[in-house]
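First comes the structure, then the notes that go with it.
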Amino acid sequence: MASNTITPDKVKTFLSTFLSSNTKENKTEKNVEVKSDDEKKETVLSPVESAAKFDFFKRVETYSPMTWFGKPKELSPLICARYGWENSMSDMLQCVSCRAVLSGHLPSTTEFDLYKEACDKLLEKLISGHEKLCWVAANPTSERFMILPLYDVVQLKNEFHERLCQLAKIKTTLPKLNFENLEKWGFDEEKCRQLATSQHIREDAAISATLAITGWTLGDSIDIIRCNYCKRRIGLWNYETKDLVCESSTDDQPSSKRIKLANKTTLDPITEHRYWCPWVTMETAPSKDSLGHDGQSLDDSINSPENEDVSFTFKRNEKCPGWVNTLKILVPVIAETVGSTGLSDSPMIDGIRSVRKILRVWSSPEKPKVKKADPVSSTESNKKES
Numbered sequence: 037m038a039s040n041t042i043t044p045d046k047v048k049t050f051l052s053t054f055l056s057s058n059t060k061e062n063k064t065e066k067n068v069e070v071k072s073d074d075e076k077k078e079t080v081l082s083p084v085e086s087a088a089k090f091d092f093f094k095r096v097e098t099y100s101p102m103t104w105f106g107k108p109k110e111l112s113p114l115i116c117a118r119y120g121w122e123n124s125m126s127d128m129l130q131c132v133s134c135r136a137v138l139s140g141h142l143p144s145t146t147e148f149d150l151y152k153e154a155c156d157k158l159l160e161k162l163i164s165g166h167e168k169l170c171w172v173a174a175n176p177t178s179e180r181f182m183i184l185p186l187y188d189v190v191q192l193k194n195e196f197h198e199r200l201c202q203l204a205k206i207k208t209t210l211p212k213l214n215f216e217n218l219e220k221w222g223f224d225e226e227k228c229r230q231l232a233t234s235q236h237i238r239e240d241a242a243i244s245a246t247l248a249i250t251g252w253t254l255g256d257s258i259d260i261i262r263c264n265y266c267k268r269r270i271g272l273w274n275y276e277t278k279d280l281v282c283e284s285s286t287d288d289q290p291s292s293k294r295i296k297l298a299n300k301t302t303l304d305p306i307t308e309h310r311y312w313c314p315w316v317t318m319e320t321a322p323s324k325d326s327l328g329h330d331g332q333s334l335d336d337s338i339n340s341p342e343n344e345d346v347s348f349t350f351k352r353n354e355k356c357p358g359w360v361n362t363l364k365i366l367v368p369v370i371a372e373t374v375g376s377t378g379l380s381d382s383p384m385i386d387g388i389r390s391v392r393k394i395l396r397v398w399s400s401p402e403k404p405k406v407k408k409a410d411p412v413s414s415t416e417s418n419k420k421e422s
């Protein structure tokens, strides 16, 4: 009777359980191996570092152009927040740990000596102005959080794709772009389309790719974009969309969305950043005493064997803004002609400077010769003679 219960189907089912379990084990083992390889390549912040980074940018967000105005880049919110200071009120700083207070009021820039002395003194006070046993004073935030991760290609690439995926959620409210400042570095609309093609996305998503490469990502809602460094937020309702549609303002719409900026029809992804944002400044390299995750200097990690496949040599003296350096690393083929000319090296700008120099000579009070009109009188005399 027992032999009748053992059927071929039961044997097949019994054996298949072993096959399926082995297959699952093999799959899990492969997944574990792939994951471990990715972990070796990708830099992952520890919980302590993640918390420190969150607190750092939380302090940066307390600064606004209204309460921290006209400060040099050496006293930017990134610098002040690194040493534990938040912007409590207009021109005032307060430590988040010891609650010490600093005045950030500076003299007029016309008084150059006094202004420079006040800036140097305030910069020194960022370190020495804490209470004696202040924890933040002894543990400033890592300088890596203040700069773009140009020293880590994998992190740079992952962050770019994350911004690109976030911006892909914006469909109907993508703004028209102003390429004026982008073209100064050789990045025009054609390069914009090439960037989209290089990322294997639709050509009509080129605006998203350009916004992502210049540091913008999706904000709190689908009609807001933001920068994760300078914390600038932009309402897209202030700009024309790529497919302009006339919208009638209704009473159920917030008044802030009904009011459009008269002078801003296209979005300039460069000038919309704060002037001290690492995406638009030239200071993209870390200092010598900055350390990487494994304790080596960031200069050493830039030239590590892991980055040998990148056809971009990071140079401390490279006079390119952060977004150009990012483009050179991620898409070196497109960036061959980008960044080669800047505003200061532009032939057109040099020509304008020459013309201005000539005009200044002509309008100089030392040479008030009105006889410059002689050619006109000579032409009149020629007419009379004729």
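Using our numbering, the first residue of the sequence shown is number 37, and each one after it goes up by one.
For glycine and all other residues, C-beta sits at the position ideal for the given N, C-alpha and C.
Remember, it's a predicted structure, so these values are computed and weren't measured experimentally.
Residue i - partner residues in DSSP beta bridges
| i | result |
| --- | --- |
| M128 | M125 and S139 |
| R118 | Note: R118 sits in no beta bridge, so no partner. |
| C263 | W252 |
| L303 | L213 |
Nearest neighbour of residue i, chosen from the options [CA to CA]
| i | options | result |
| --- | --- | --- |
| E226 | V316, E195 and T246 | T246 |
| T301 | E308, H309, K168 and T277 | T277 |
| C266 | T250, A174, K168 and V80 | T250 |
| I270 | N123, G140 and T307 | T307 |
| N175 | D127, C356, K89 and R268 | K89 |
| E195 | V369, W121 and N264 | N264 |
| T145 | S139, V80, A154 and L138 | A154 |
| R95 | C228, R118 and A371 | R118 |
| A173 | C134, T208, P211 and E198 | C134 |
| S139 | L159, K152, F148 and T98 | L159 |
| T425 | F215, T233, E216 and W315 | Examination of residue 425 is not possible in this model, given that the chain is present from 37 through 422 alone. |
| N217 | P357, T362 and V367 | P357 |
| F93 | T177, T209 and W221 | T177 |
| E219 | V367, E122, I365 and W359 | W359 |
| K355 | F105, W221 and C228 | W221 |
Local Cβ density within 10 Å of residue i, reported as buried at 16 or more and exposed below that
| i | result |
| --- | --- |
| K107 | buried |
| M125 | exposed |
| H309 | buried |
| I243 | buried |
| L184 | buried |
| S112 | buried |
| F181 | buried |
| W171 | exposed |
| I258 | exposed |
| P83 | exposed |
| P223 | Looking at the sequence itself, residue 223 is Phe, so the reference to Pro does not match. F223 should be labelled buried. |
| V369 | exposed |
| P101 | exposed |
| V80 | exposed |
| T233 | exposed |
| V374 | buried |
| A248 | buried |
| T317 | buried |
| L169 | exposed |
| K488 | With the chain running from 37 to 422 in the structure shown, residue 488 is simply not present. |
Residue i - DSSP class collapsed to helix/strand/coil
| i | result |
| --- | --- |
| G251 | coil |
| P211 | strand |
| T277 | strand |
| L186 | coil |
| I365 | helix |
| R269 | strand |
| Y151 | helix |
| F223 | coil |
| L169 | coil |
| Q235 | coil |
| K355 | coil |
| I258 | coil |
| A87 | helix |
| S292 | For S292, the predicted model reports a pLDDT of 45, less than 50, meaning its position is unreliable; a value from the coordinates is still stated below. In the structure shown, S292 sits in a helix (DSSP, three-state: H, G or I). |
| F196 | helix |
| R310 | coil |
| F181 | helix |
| F93 | helix |
| P113 | helix |
| T317 | coil |
| T246 | helix |
| I206 | coil |
| S144 | coil |
| C134 | coil |
| S164 | helix |
| V374 | coil |
| V80 | coil |
Min CB distance residue i to chain D below 8 Å
| i | result |
| --- | --- |
| P108 | Absent from the structure: chain D. Only one protein chain is present. |
Touching by the beta-carbon criterion (3+ pairs, under 8 Å), the segment 202-215 and the segment 159-166: No, the segment 202-215 is not in contact with the segment 159-166.
Sufficient close CB pairs (3 or more, under 8 Å) joining the segment 260-275 to the segment 301-315: Yes, they touch.
Cβ contact (3+ pairs, closer than 8 Å) linking the segment 187-194 and the segment 232-244: No, the segment 187-194 is not in contact with the segment 232-244.
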